[in-house]
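Residue numbers (the numbering used here): 246 to 432.
Reviewing the structure listed below.
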């Protein structure tokens with residue numbers, strides 16, 4: 246699937262400035278000196294900076310995001326804080342509608358953050374990444390990977406915290422109309 250079709254910003258991505266795809270006027274200078282390479286000249290390429298829609302820019306922008314989060318995580322741990330990784334999933338089958346599942350994940354994660362179990366975990370901040378897999382047997386499987394930041398000085402009793410968060414997540418899913426399942430939930 247070429248996501249660049251029909252979007253002029255994406256279609257121009259990776260082309261030298263001054264080169265257009267629609268016959269329009271050139272934008273910017275087509276060449277820029279690169280002093281780090283001994284003063285050689287190279288083409289300055291246009292960038293759409295799209296994190297999701299461009300095959301060229303997505304890896305670049307994702308790398309920038311990972312670097313920002315890594316710094317945040319390292320600073321948090323250096324200050325005595327702790328990190329907790331949570332995986333949030335929901336029951337699904339081949340006929341499940343992707344849009345409905347993503348909507349349920351989003352709304353039920355919001356409700357989980359309002360729960361007593363979340364408050365008891367003393368989570369001060371979090372980073373959520375949506376991951377989507379697909380298989381012929383089960384269809385689409387959207388799920389979240391969440392890195393939760395626990396403040397310095399908080400003693401984590403994982404034998405209590407994890408079951409409480411699992412129960413809260415499964416309760417949220419049940420209230421949203423999903424059947425209780427042992428294999429899906431918080432992992």
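Glycine included, every Cβ here is placed at the ideal spot set by N, Cα and C.
Owing to the predicted nature of the structure, the values given are computational and were not obtained by experimental measurement.
{"Query": "What are the start and end residues of each continuous beta strand (DSSP E) run of 3 or more residues lying completely inside the region 306-390, in chain order?", "Result": "327-333 and 370-380"}
{"Query": "By Cβ distance, which residues of its chain are closer than 7 Å to residue 357, with the 5 residues on each side in sequence left out?", "Result": "363, 413, 414 and 417"}
{"Query": "Cutting at 6 Å between CB atoms, please list the residues of its own chain near residue 366, excluding the five before and the five after it.", "Result": "406"}
{"Query": "Using 10 angstroms around the beta-carbon of residue 321, count the other beta-carbons present and answer buried if the total reaches 16, otherwise exposed.", "Result": "buried"}
{"Query": "I need the boundaries of the alpha helix (DSSP H) containing residue 412, first residue and last residue.", "Result": "403-420"}
{"Query": "Using 8 Å as the threshold, is the C-beta distance between residue 314 and residue 391 below it?", "Result": "no"}
{"Query": "Opposite residue 393 in the DSSP bridges: which residues?", "Result": "329 and 371"}
{"Query": "For residue 302, which three-state DSSP category applies?", "Result": "helix"}
{"Query": "Cβ atoms of residue 394 and residue 328: under 8 Å apart, would you say?", "Result": "yes"}
{"Query": "Please state whether the Cβ-Cβ distance between residue 330 and residue 386 is less than 8 Å.", "Result": "no"}
{"Query": "Could you give the distance in angstroms between the alpha-carbon of residue 335 and the alpha-carbon of residue 343?", "Result": "12 Å"}
{"Query": "Express the C-alpha separation of residue 360 and residue 398 in angstroms, rounding to a whole number.", "Result": "22 Å"}
{"Query": "Answer with buried or exposed for residue 349, where buried requires no fewer than 16 other C-beta atoms within 10 angstroms of its C-beta.", "Result": "buried"}
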